[in-house]
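These protein sequence lines map, in sequence, to chains D and R.
When we follow numbering that gives the first Met the number 0, the leftmost residue of the first sequence carries the number 0, and every step to the right adds one.
When we follow numbering that gives the first Met the number 0, the leftmost residue of the second sequence carries the number 0, and every step to the right adds one.
We put the CB at the ideal spot given by N, CA and C, even for glycine.
These figures come from a predicted structure and were not determined experimentally.
Here's the structure, in structure tokens; my notes come after.
2 protein chains.
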Amino acid sequence: MPYLPARVKYDIITVMIYLDHAAATPVIPQALEAMRPFWSDQFFNPSSPYLPAKRVRETYEDYKNRLAHLIGAKGNDLIITSGATEANNLAFTATIAGCTSCPLESTKILVLATEHDSVFAAAEAAKNRLESTNRATEVETVRVDQYGRIDLTDFRNKLDKNVIFVSVALVNGELGTIQPLSEIAEIIKVERLRRLENGETLPLVLHSDASQALNLLSISISRLGVDLLTLNSAKVGGPKGVGALYVGHGIKLQPLTYGGGQERGLRAGTENVAGLTGFTIAAEELQKHLNANRKKYAEFTQALRTELLKSPVKPLFLGVKNREDEKTGAPKLPKPSDHQLANFCPVSFPGIDAERLIYLLEDPAIFANDVSAEPVYVSTGAACAASKGEKSKTLQAIGLSDTEIAGSLRISFGSTNTLEGIKEAGQLIVQAVTHEWERIQNV
Amino acid sequence: MPYLPARVKYDIITVMIYLDHAAATPVIPQALEAMRPFWSDQFFNPSSPYLPAKRVRETYEDYKNRLAHLIGAKGNDLIITSGATEANNLAFTATIAGCTSCPLESTKILVLATEHDSVFAAAEAAKNRLESTNRATEVETVRVDQYGRIDLTDFRNKLDKNVIFVSVALVNGELGTIQPLSEIAEIIKVERLRRLENGETLPLVLHSDASQALNLLSISISRLGVDLLTLNSAKVGGPKGVGALYVGHGIKLQPLTYGGGQERGLRAGTENVAGLTGFTIAAEELQKHLNANRKKYAEFTQALRTELLKSPVKPLFLGVKNREDEKTGAPKLPKPSDHQLANFCPVSFPGIDAERLIYLLEDPAIFANDVSAEPVYVSTGAACAASKGEKSKTLQAIGLSDTEIAGSLRISFGSTNTLEGIKEAGQLIVQAVTHEWERIQNV
Chain D
0 MPYLPARVKY DIITVMIYLD HAAATPVIPQ ALEAMRPFWS DQFFNPSSPY LPAKRVRETY
60 EDYKNRLAHL IGAKGNDLII TSGATEANNL AFTATIAGCT SCPLESTKIL VLATEHDSVF
120 AAAEAAKNRL ESTNRATEVE TVRVDQYGRI DLTDFRNKLD KNVIFVSVAL VNGELGTIQP
180 LSEIAEIIKV ERLRRLENGE TLPLVLHSDA SQALNLLSIS ISRLGVDLLT LNSAKVGGPK
240 GVGALYVGHG IKLQPLTYGG GQERGLRAGT ENVAGLTGFT IAAEELQKHL NANRKKYAEF
300 TQALRTELLK SPVKPLFLGV KNREDEKTGA PKLPKPSDHQ LANFCPVSFP GIDAERLIYL
360 LEDPAIFAND VSAEPVYVST GAACAASKGE KSKTLQAIGL SDTEIAGSLR ISFGSTNTLE
420 GIKEAGQLIV QAVTHEWERI QNV
Chain R
0 MPYLPARVKY DIITVMIYLD HAAATPVIPQ ALEAMRPFWS DQFFNPSSPY LPAKRVRETY
60 EDYKNRLAHL IGAKGNDLII TSGATEANNL AFTATIAGCT SCPLESTKIL VLATEHDSVF
120 AAAEAAKNRL ESTNRATEVE TVRVDQYGRI DLTDFRNKLD KNVIFVSVAL VNGELGTIQP
180 LSEIAEIIKV ERLRRLENGE TLPLVLHSDA SQALNLLSIS ISRLGVDLLT LNSAKVGGPK
240 GVGALYVGHG IKLQPLTYGG GQERGLRAGT ENVAGLTGFT IAAEELQKHL NANRKKYAEF
300 TQALRTELLK SPVKPLFLGV KNREDEKTGA PKLPKPSDHQ LANFCPVSFP GIDAERLIYL
360 LEDPAIFAND VSAEPVYVST GAACAASKGE KSKTLQAIGL SDTEIAGSLR ISFGSTNTLE
420 GIKEAGQLIV QAVTHEWERI QNV
């Protein structure tokens with residue numbers, strides 16, 4: 000018997016402080032408005048033969064061009080997918096498709112230690128596929144430093160003649176760490192040249208998951224030097240269920256789905272016209288305000304850190320250099336890092352259980368001085384990993400202790416936040432930490 | 000430089016007669032209304048750890064249960080995908096996943112001759128995957144009769160001990176032919192029993208693409224006896240970019256995308272909550288009005304045929320028995336067929352070029368008696384195949400000549416149609432045929 004699902008009613012601005020924009024973002028009104036026609040009067044199948052359907056096809060290609068334009072590419076270079084996970088998985092098929100005439104030796108896939116689950120899982124799937132064709136394959140992780148930046152020496156050492164595929168996210172989804180993609184691309188270029196001179200034919204493909212990056216970075220494919228780039232609608236104010244993979248010239252992929260020949264035969268299925276439209280409009284809107292937003296979020300970050308420094312448990316700010324007063328040893332406000340995306344402010348309260356903090360912050364009445372305080376929503380690692388109770392690979396990779404990992408909150412800002420709300424959230428987090436700290440003292 | 004896409008403005012009801020609901024349907028208002036919260040106040044990632052996100056997760060599972068309920072299944076039996084193409088492709092992974100410990104002999108995949116491109120393509124992909132693991136594989140097509148119904152004798156003959164997978168759509172997307180799925184399932188049951196008794200361990204899986212069926216059929220998984228069933232949102236008044244695969248107990252699949260472990264690990268990626276919601280609401284709405292709609296469309300079909308019989312070129316109604324007056328030889332109205340979904344009325348005008356008809360009907364001013372006539376949108380075969388200029392496999396399979404295929408229109412009714420509009424469309428089609436017929440006479 001059909002029944003009505005539980006309805007949750009929140010007014011985003013006034014009754015909560017949402018600090019998990021790295022997990023999901025509301026669809027911006029302009030995007031929703033632009034999507035609307037494709038559900039009603041322009042609902043046609045873009046492959047149908049009559050004029051209004053052909054116009055939908057044109058519009059779809061227009062939006063694709065516009066989205067591609069944002070990263071300095073052409074519409075034809077993009078494969079529209081159902082999200083970043085599919086795009087990441089499609090990217091890794093380059094290991095199979097690119098290797099039909101490769102020397103039948105063992106191959107190696109390099110993945111940064113802090114990549115998203117879907118990258119690791121796609122790497123394993125590629126390994127299994129290659130091994131089922133009798134090609135021994137290894138997935139090796141590349142180390143990061145304590146701020147989450149790639150260890151370029153380790154990368155250089157591991158980039159040997161067997162490496163077929165390298166995957167490094169432009170921005171890490173937990174720490175906000177920005178990777179030096181163009182430096183990585185330069186190192187890859189040198190190895191490619193070496194192979195060419197030695198007559199080695201193994202391809203070497205560079206992929207980057209830029210799911211979080213479009214929010215605050217100006218992305219240029221040619222400047223980054225990547226062959227494959229994953230984009231994600233749901234993280235930038237577009238609808239869920241849409242993503243894109245940029246595919247550089249000459250890069251061969253193997254479709255995950257076969258059928259009606261859409262997306263240059265690489266991704267079959269009727270095009271999600273509304274989805275692409277919302278994605279494009281949202282991404283364009285964000286790209287218009289990059290500088291203003293970077294400045295705004297940098298201010299949020301420092302305001303939040305200023306509050307968090309008042310905690311009885313000394314906060315460990317992740318992804319940046321922590322500082323303390325030389326004389327008193329008291330913690331000081333860290334300097335903003337150029338290598339951390341401005342809307343990320345991850346922090347650990349070692350000794351405190353972050354999961355309890357999340358629970359407390361949902362209902363500040365439990366601990367707050369102000370009984371009318373709004374709930375604050377933060378998370379631990381990536382949503383999908385956190386929901387499985389897994390310990391964050393990223394936080395392990397930057398060398399945090401188990402206690403530091405257990406006390407870590409992922410905090411990420413977005414369009415729903417205000418400076419006032421951030422300060423209030425900071426106070427509430429400190430009150431929650433204090434509540435927990437006192438509880439532990441009394442046990 | 001961003002630019003505004005061409006805007007097409009149509010009011011569906013009043014300024015056109017759309018007769019291609021098998022290609023795409025507008026999203027019904029109730030579905031759109033139900034989707035809205037998941038773009039704004041309930042935008043959370045269902046995997047996030049705080050209460051409102053958990054409520055979104057519950058709602059998502061609720062909608063999945065409701066959708067599953069429509070086919071007599073449980074929510075856990077459904078894998079939500081980005082559409083029917085992905086669901087069809089996922090279904091065919093049963094050939095690989097189900098066979099890890101199979102005898103290493105050659106295997107066979109049986110596909111009905113009239114299946115959608117994505118089924119044939121997924122079958123070929125499965126064949127290639129199996130062959131890459133040194134298992135010779137054959138994709139064999141099962142014949143249909145002149146109405147598009149499966150030839151059960153041919154099916155029985157081809158269902159030998161090597162068959163691992165059978166795919167037969169519940170309703171054909173061009174002719175509307177309804178297949179006797181439960182009879183097919185019975186035959187498969189007998190073969191499974193034979194294998195069991197002989198100690199043969201090769202699995203035998205029955206898949207059905209029910210993309211078109213949810214519109215007008217009451218579907219019961221247990222009555223149909225299928226192991227895997229594809230559902231499609233975009234054909235039933237839900238949004239594009241969503242589909243589902245029913246997976247029977249004990250059926251093993253291999254994911255197409257790996258990552259955050261969503262959909263029981265079989266389909267990674269953040270859940271498209273709005274998409275599933277719209278799909279479920281639209282499907283429920285249709286299922287409420289099955290009888291009324293069947294009756295309505297049956298009336299439309301006979302009204303349209305009545306008009307088309309006035310054509311100077313004798314129409315060939317597809318999927319049904321054509322009749323003529325015993326004395327005069329004049330064509331007569333066919334009797335409605337129980338084996339054709341009521342909203343399909345495919346027809347051929349042999350000798351006339353259907354593509355020219357489509358073009359003419361877009362702009363009736365070219366030929367119509369009434370200069371204010373509305374455009375009529377019809378198609379040839381499936382949209383994706385038609386757009387590639389391919390000759391319909393389905394029409395070849397039912398034995399049409401090239402001339403008959405070239406003169407074929409796919410006509411399918413839906414929520415945007417009225418009896419008055421259907422009659423008007425019939426008159427316009429006859430006028431267009433007449434216009435073409437006269438042009439050919441004068442050449």
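How many angstroms separate the CA atom of residue i from the CA atom of residue j?
i	j	result
phenylalanine 164(D)	histidine 206(D)	7 Å
proline 489(R)	asparagine 321(R)	Because chain R is modelled from 0 through 442, residue 489(R) falls outside the range shown and cannot be assessed.
tyrosine 62(R)	leucine 275(R)	7 Å
glutamine 253(D)	threonine 269(D)	19 Å
histidine 248(R)	arginine 194(R)	19 Å
glutamine 430(R)	alanine 33(D)	38 Å
alanine 297(R)	alanine 121(R)	34 Å
proline 345(R)	serine 391(R)	13 Å
aspartate 226(D)	isoleucine 250(D)	7 Å
serine 210(R)	serine 232(D)	27 Å
With 8 Å as the threshold, decide whether the Cβ of residue i is near any Cβ in chain D.
i	result
isoleucine 357(R)	yes
valine 26(R)	yes
tyrosine 146(R)	no
proline 48(R)	yes
serine 207(R)	no
alanine 5(R)	Below a pLDDT of 50, predicted positions are generally treated as unreliable, and alanine 5(R), at 31, falls in that range; the measurement from the model is reported next regardless. Cβ-Cβ to chain D under 8 Å: yes for alanine 5(R).
threonine 433(R)	no
aspartate 116(R)	yes
serine 378(R)	yes
Can you list, in chain order, the residues of its chain with a C-beta nearer than 7 Å to that of residue i? Leave out the 5 residues immediately preceding and following it.
i	result
glutamate 199(D)	Lys160
alanine 353(D)	Thr379, Ala405, Gly406, Ser407, Leu408
isoleucine 280(D)	Gln29, Ala30, Ala33
leucine 307(D)	Pro314, Val346, Gly425, Ile428, Val429
glutamate 403(R)	Leu315, Ser347, Pro349
lysine 422(R)	Ala302, Glu306
aspartate 144(R)	Asp150
In three-state terms, what does DSSP make of residue i?
i	result
serine 347(R)	strand
arginine 409(D)	strand
arginine 148(R)	coil
alanine 341(D)	coil
asparagine 321(D)	coil
tyrosine 358(D)	helix
valine 204(D)	strand
threonine 300(D)	helix
phenylalanine 366(D)	coil
phenylalanine 316(D)	strand
leucine 255(D)	coil
Is there a Cβ from chain R that is less than 8 Å from the Cβ of residue i?
i	result
proline 238(D)	yes
aspartate 76(D)	no
phenylalanine 42(D)	yes
asparagine 88(D)	yes
leucine 213(D)	no
glutamate 85(D)	yes
aspartate 19(D)	yes
Short of 8 Å in beta carbon distance, which residues of its chain neighbour residue i, apart from the five on each side in sequence? Order them along the chain.
i	result
asparagine 64(R)	Lys73, Gly74
valine 7(D)	The pLDDT assigned to valine 7(D) is 34, lower than 50, so where the model puts this residue is not dependable; a value taken from the coordinates is nonetheless given after this. No residues qualify anywhere along the chain.
tryptophan 38(D)	Ala273
Which residues in the same chain have their Cβ closer than 6 Å to the Cβ of residue i, if we skip the five residues on either side of it in sequence?
i	result
glycine 237(R)	Ala30, Gly277, Phe278, Ala281
leucine 228(R)	Ser207, Ala209, Tyr245
glycine 413(D)	His20, Thr24
Within 8 Å of chain R by C-beta, residues of the segment 121-135 of chain D in sequence order: Residues passing the 8 Å Cβ filter: Ala121, Glu123, Ala124, Ser131, Thr132.
*asked:* Output needed in chain order: residues of the segment 272-286 of chain R with a Cβ under 8 Å from some Cβ in chain D.
replied: The residues in question are Val272, Ala273, Gly274, Glu283.
Discussion item. Give me the subset of the segment 250-270 of chain D whose CB atoms are less than 8 Å from a CB atom of chain R, sorted by chain position.
Written reply: Against chain R - using a Cβ distance shorter than 8 Å - the residues of the segment 250-270 of chain D are Pro254, Leu255, Thr256, Tyr257, Gly258, Gly259, Gly260, Gln261, Ala267, Gly268, Thr269, Glu270.
Worksheet item: What residues in the segment 53-73 of chain D bring their beta carbon closer than 8 Å to a beta carbon of chain R?
Response: Answer in chain order: Arg54, Val55, Glu57, Thr58, Asp61, Tyr62, Arg65, His68.
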